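A.B. asks: I'd like to ask some things about the structure below.
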Amino acid sequence: MKIFVAGGTGAIGRPLIAELVTKGHALVALTRSPEKAQALVQQGIEPAIVDVFDTDAVKAVVSRAQPEIVIEQLTALPRTYTRESMNAAAALNNRIRLEGGANVLAAAQAAGVRRYLRQSVAFYAIPGPGLADEDTPLALDASPAVVAGAREVTEVEHRLLGNPNMEGIVLRYGFFYGPGTWFNPDGDVARQVRRQQFPIVGNGEGVWSWLHIEDAAIATIAAAERGNPGIYLIANDQPLALREWLPAFARWLNAPPPPQVSVEDALKGDGGADAVYYATQMRGVSNAKAKRELNFQPRPLEWIVD
Numbered sequence: 674m675k676i677f678v679a680g681g682t683g684a685i686g687r688p689l690i691a692e693l694v695t696k697g698h699a700l701v702a703l704t705r706s707p708e709k710a711q712a713l714v715q716q717g718i719e720p721a722i723v724d725v726f727d728t729d730a731v732k733a734v735v736s737r738a739q740p741e742i743v744i745e746q747l748t749a750l751p752r753t754y755t756r757e758s759m760n761a762a763a764a765l766n767n768r769i770r771l772e773g774g775a776n777v778l779a780a781a782q783a784a785g786v787r788r789y790l791r792q793s794v795a796f797y798a799i800p801g802p803g804l805a806d807e808d809t810p811l812a813l814d815a816s817p818a819v820v821a822g823a824r825e826v827t828e829v830e831h832r833l834l835g836n837p838n839m840e841g842i843v844l845r846y847g848f849f850y851g852p853g854t855w856f857n858p859d860g861d862v863a864r865q866v867r868r869q870q871f872p873i874v875g876n877g878e879g880v881w882s883w884l885h886i887e888d889a890a891i892a893t894i895a896a897a898e899r900g901n902p903g904i905y906l907i908a909n910d911q912p913l914a915l916r917e918w919l920p921a922f923a924r925w926l927n928a929p930p931p932p933q934v935s936v937e938d939a940l941k942g943d944g945g946a947d948a949v950y951y952a953t954q955m956r957g958v959s960n961a962k963a964k965r966e967l968n969f970q971p972r973p974l975e976w977i978v979d
C-alpha cells in the first residue's frame, strides 16, 4: 500500500518506517529537516520536506503523494523527562499535535485518503479499580498536566473519529520503553534512577502500562492493514504499580534502590500534583481488544523476571 507517515523520524517513527519498508509498503515520510530527509532517502523512503504548520504546503505534499493511508505520529517531546523540560516542551508539542495534526488530517481528507491512524495516549483513563478499556472515560478531573493531556486527547480523537469521510483509527500507546526512549538504559529516566532522583511516592499504587517501541510499530502496522475504525489500547500484558516496576528497573540497571517520599513532600517537590497522580492514582489498561482484533502479541517487560 501507499502510506504517508507524518512524524517518521521520532522515537516510534524510526522503527515504524523500518517495519513498513520490510513489509513492502511504499512510503512517503514528512520531515522538515534536509538532513533527516537524506536519511529517509537512504532507506528507500520518499521524503516530503515541509513545515507541518504550513497548511498549503502540507496539503500539497499529501495530494502529490496520493496515499491510501496516513499514519500521524507527530510529537515534540524533550530528551529529558523532568517537570522543567516537559513544561518547556508543552506548548510546541501541543501545537504540533493540535494544529499540525489538523493540517495533516485536512490534507488527507482533501486528497481522498480512505484510512487515517493517529497516535494517542493510554494513561489518561479515569482512576478506578481494575484495568481501563477503550470505553473508560478519561481523567478530566485530575492533576493539572493530566487534565490538560486528557482534554487534548479528547479533542484530537473526536476530530478524527467524528470525521465521516474516512476510517479513523486511534492508537492509545502505553509508556514506551526500548531504544530511543526515556526508559532505555541510556535514557533519561535510567539516568535519574541511577542518581536516585526518581522516587516511589506515597503508596506507589499508580499502575503503569508499558509498550516496547518496536511492538508499537508492529501494532500500528496491523491496525493500518486490518484494524476496524475506532480506538485501540496498545500496551503489553504486564501493567505494574510504580512500587513494583521501579525497584525492578533499578535492579536491572544495577542502580541503587529508589528512594521513597511522602505525598506531602512530593507535592512540594519538582513533580507536584502530577507526580503524585502518576505514582498513586494512574490506572493500567487492558490490551484485550488489540490482541483479539490485531493479533497483538507484545513482548514481556524486559526488566521484570518472573
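According to this note's numbering, numbering within the sequence shown proceeds without interruption in unit steps and concludes at 979.
Heads up, the beta-carbon is just placed ideally off N, CA and C, and yes, glycines get one too.
The structure displayed is predicted, hence computed values, not measured ones.
1) DSSP state of V843, grouped into three classes?
2) Starting from Q792, trace the beta strand (DSSP E) in both directions and tell me its first and last residue.
3) From A702 to P740, what distance separates their C-alpha atoms?
4) Kindly list the residues whose CB is nearer than 8 Å to the CB of A775, restricted to its own chain and excluding five residues on each side of it in sequence; keep chain order.
5) Find out if the Cβ-Cβ distance for the pair N876, T755 is shorter than 8 Å.
6) Extract the residue ranges of the beta strand (DSSP E) inside the stretch 867-953, only unbroken runs of 3 or more that lie entirely within it.
7) Around the Cβ of A783, are there at least 16 other Cβ atoms within 10 angstroms (buried) or fewer (exposed)?
8) Where does L967 sit, in a helix, a strand or coil, going by DSSP?
9) DSSP has L811 in a bridge; who is on the other side?
10) Which residue wins for smallest C-alpha separation from Q911, given the options S959, E898, L771, E828?
11) Rounded to the nearest angstrom, what separates V874 and P932 at their Cα positions?
12) Which residue marks the beginning of the alpha helix (DSSP H) containing I690, and which one marks its end?
13) Between the beta-carbon of R791 and the beta-carbon of E745, is there less than 8 Å?
14) Below 8 Å between beta carbons: does that hold for I886 and P751?
15) Per DSSP, which one or two residues make a beta bridge with T704?
16) When the Cα atoms are used, what is the spatial distance from A928 to Y905?
17) Classify I977 as helix, strand or coil using the three-state DSSP reduction.
C.D. replies: Answer, in terms of the structure:
1) Residue state, collapsed to three classes: strand.
2) Here the beta strand (DSSP E) through Q792 covers 788-794.
3) 11 Å
4) R832
5) No, they are not a contact pair.
6) Listed in chain order, they are 883-885, 903-907.
7) exposed
8) helix
9) A798
10) S959
11) 9 Å
12) 686-695
13) yes
14) no
15) Answer is I722.
16) 35 Å
17) coil
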